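As structure tokens, the structure follows; a few thoughts come after it.
Residue numbers (full-length UniProt numbering): 1 to 149.
This is the structure:
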């Protein structure tokens with residue numbers, strides 16, 4: 001059996017993301033978040049101390065540990081925009097937005113066509129097992145990044 005593949009209840013295969021896919025989407029979303037937060041000129045004032053009046057020089061937000069931690073904290077939230085696109089292969093099966101298949105099915109339903117599937121209509125927009133596992137693995141991996149070596 002392939003690593004990252006599990007047999008579902010109804011004998012259909014669920015292909016969970018592998019480590020390469022997890023790393024890919026973690027890096028994509030971190031890069032995007034760093035680009036969004038890198039445009040500020042904000043400075044973090046570090047001159048306040050509890051025990052003495054000596055302070056250190058201000059730190060630019062773009063070079064701060066705080067920025068790194070905030071970026072890591074937003075990665076999992078950013079992954080909620082992803083859907084599984086079963087019509088695609090490899091890591092391209094994870095992409096933002098609704099898959100072509102479900103988009104077509106939604107359009108048919110809105111036109112009045114009765115669509116019968118094993119999945120109830122109410123669950124069409126729910127997070128797939130693959131995307132949920134992707135978020136879980138990214139969260140675990142980003143936690144290890146935050147802790148450091």
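From the three backbone atoms N, C-alpha and C, an ideal C-beta is built for every residue, glycine too. All values derive from a computational prediction rather than experimental measurement.
{"Check": "Integer-rounded CB distance, given that residue 138 should sit under 8 angstroms from residue 34", "Outcome": "Incorrect: roughly 16 angstroms between the Cβ atoms, too far for contact."}
{"Check": "Neighbourhood of residue 71 by C-beta distance below 8 angstroms, restricted to the same chain and skipping five residues each side", "Outcome": "30, 33, 34 and 37"}
{"Check": "Beta carbon of residue 134 nearer than 8 angstroms to that of residue 21", "Outcome": "yes"}
{"Check": "Integer Cβ distance of residue 87 from residue 101, believed to fall under 8 angstroms", "Outcome": "6 angstroms"}
{"Check": "Neighbourhood of residue 40 by C-beta distance below 6 angstroms, restricted to the same chain and skipping five residues each side", "Outcome": "61"}
{"Check": "Beta carbon of residue 84 nearer than 8 angstroms to that of residue 64", "Outcome": "no"}
{"Check": "Residue 42 versus residue 142 - alpha carbon distance", "Outcome": "25 angstroms"}
{"Check": "Inter-residue spacing [alpha-carbon to alpha-carbon] between residue 94 and residue 57", "Outcome": "43 angstroms"}
{"Check": "Inter-residue CB distance, residue 66 and residue 44 (contact presumed, cutoff 8 angstroms)", "Outcome": "7 angstroms"}
{"Check": "Within the UniProt domain \"DUF3456\" (19-139), ranges of the beta strand (DSSP E) (whole runs, at least 3 residues)", "Outcome": "82-84 and 94-96"}
{"Check": "Proximity below 8 angstroms, CB of residue 15 to CB of residue 126", "Outcome": "no"}
{"Check": "Counted within 10 angstroms of its Cβ, other Cβ atoms place residue 121 as buried (16 or more) or exposed", "Outcome": "exposed"}
{"Check": "Cα-Cα separation, residue 111 to residue 96", "Outcome": "25 angstroms"}
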